[in-house]
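**Student:** In this note's numbering, the protein residues as written are 54 to 174. Dumping the structure here so I can ask a few things about it.
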């Protein structure tokens with residue numbers, strides 16, 4: 054799905070994870086704006102990548118998204134790209150909770166998501 058949506062990861066650290074995604078035919082809904090499902094998929098993707106980083110890419114463990122919820126705040130542009138910033142708000146041994154904000158190229162907040170990842174293994 055990451056490839057189909059055109060997600061590109063940006064430099065991140067222990068405090069946050071960043072990515073960008075184009076607004077195109079793969080991510081737009083029928084009347085041209087960013088599809089809400091694409092926003093949720095982007096949020097789960099960036100939170101998953103962030104959790105992998107936090108467990109030091111330990112391949113004996115698996116990161117599984119167990120809950121994603123979002124609020125779409127504003128309509129997106131019909132072209133260009135959006136940026137996601139995931140910030141970890143809970144980092145436990147078996148679960149991580151992330152807040153992910155998605156903004157347009159103008160910095161305007163488009164949606165905000167909460168993602169819970171379970172750490173198995």
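Beta carbons: idealized from backbone N, C-alpha and C, even for Gly.
1. Would you call residue 113 buried or exposed, if buried means 16 or more other Cβ atoms sit within 10 Å of its Cβ?
2. Nearest to residue 124 by CA position, among 117, 92, 63, is which residue?
3. Taking all protein chains shown into account, decide if residue 104 is buried (16 or more other Cβ within 10 angstroms of its Cβ) or exposed.
4. Taking contact to mean 3 or more Cβ pairs, one atom from each stretch, closer than 8 Å, check whether the stretch 140-153 and the stretch 77-89 are in contact.
5. With a Cβ-Cβ cutoff of 7 Å, do residue 153 and residue 139 count as a contact?
6. Please report the residue range of the beta strand (DSSP E) in which residue 157 lies.
7. Name the two residues that bound the continuous beta strand (DSSP E) containing residue 142.
8. Rounded to a whole number of angstroms, what is the C-alpha to C-alpha distance between residue 83 and residue 164?
9. I need the boundaries of the beta strand (DSSP E) containing residue 165, first residue and last residue.
10. Which residue from 119, 157, 56 puts its Cα closest to that of residue 173?
**Tutor:** Put simply:
1. Within the chain shown, the letter at position 60 stands for residue 113. Residue 113 is exposed by the Cβ-count criterion.
2. Translated into the one-based positions of the chain shown, residue 124 becomes position 71. Residue 124 has its Cα closest to that of 92, out of 117, 92, 63.
3. Position 51 of the chain shown, counted from the first residue, corresponds to residue 104. Looking at its Cβ environment, which holds 16 or more other Cβ atoms inside 10 Å, residue 104 is buried.
4. no
5. Counted from its first residue, the chain shown places residue 153 at position 100. Counted from its first residue, the chain shown places residue 139 at position 86. For residue 153 and residue 139, yes; Cβs fall inside 7 Å.
6. Looking up residue 157 in the chain shown gives position 104. Here the beta strand (DSSP E) through residue 157 covers 148-157.
7. Within the chain shown, residue 142 is the residue found at index 89, counting from 1. Looking at the DSSP string, the run of the beta strand (DSSP E) that includes residue 142 is 134-144.
8. If you number the chain shown from 1, residue 83 lands on position 30. If you number the chain shown from 1, residue 164 lands on position 111. Looking at the two C-alpha atoms, the distance is approximately 19 Å.
9. As a position in the chain shown, residue 165 is number 112, starting the count at 1. 162-173 is the span of the beta strand (DSSP E), which, as asked, contains residue 165.
10. Taking the chain shown and counting its residues from 1, the one referred to as residue 173 is at position 120. It is 119.
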